[in-house]
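Counting with numbering that gives the first Met the number 0, you get residues 0 to 51 for the letters of the sequence shown.
A short worksheet on the structure shown next.
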Amino acid sequence: MYGPGVADMHGGLVVMLYALKALNEFGELDDKHITILLNSDEEIGSLSREIN
């Protein structure tokens, strides 16, 4: 993984993915809809977060 924010973002992403994998293996996600939202420009600021 390369780019701004990799050092502080990839750990959390891996934990989230393994947590979802474990929940799925225990059948906890059978009737659930999971949405994951990732902000790719966390280090430089997002233009869409600005209030107009």
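Beta carbons: idealized from backbone N, C-alpha and C, even for Gly.
As the structure is a computational prediction, the values presented were derived from the model and not from experiment.
Using beta-carbon positions only, say whether Leu28 and Leu36 come within less than 7 Å of one another. As a first step, residue 28 must be located in the sequence shown, where it is residue number 29. As a first step, residue 36 must be located in the sequence shown, where it is residue number 37. Contact flag unset, no.
Excluding five sequence neighbours on each side, which residues of the same chain lie with their C-beta closer than 8 Å to the C-beta of Met15? Position 16 of the sequence shown, counted from the start, is the residue given in the question as residue 15. Ile35, listed in sequence order.
Asn38 by DSSP, collapsed to three states: which one? As a working mapping, residue 38 is identified with position 39 in the sequence shown. Reduced to three states, the DSSP call for Asn38 is coil.
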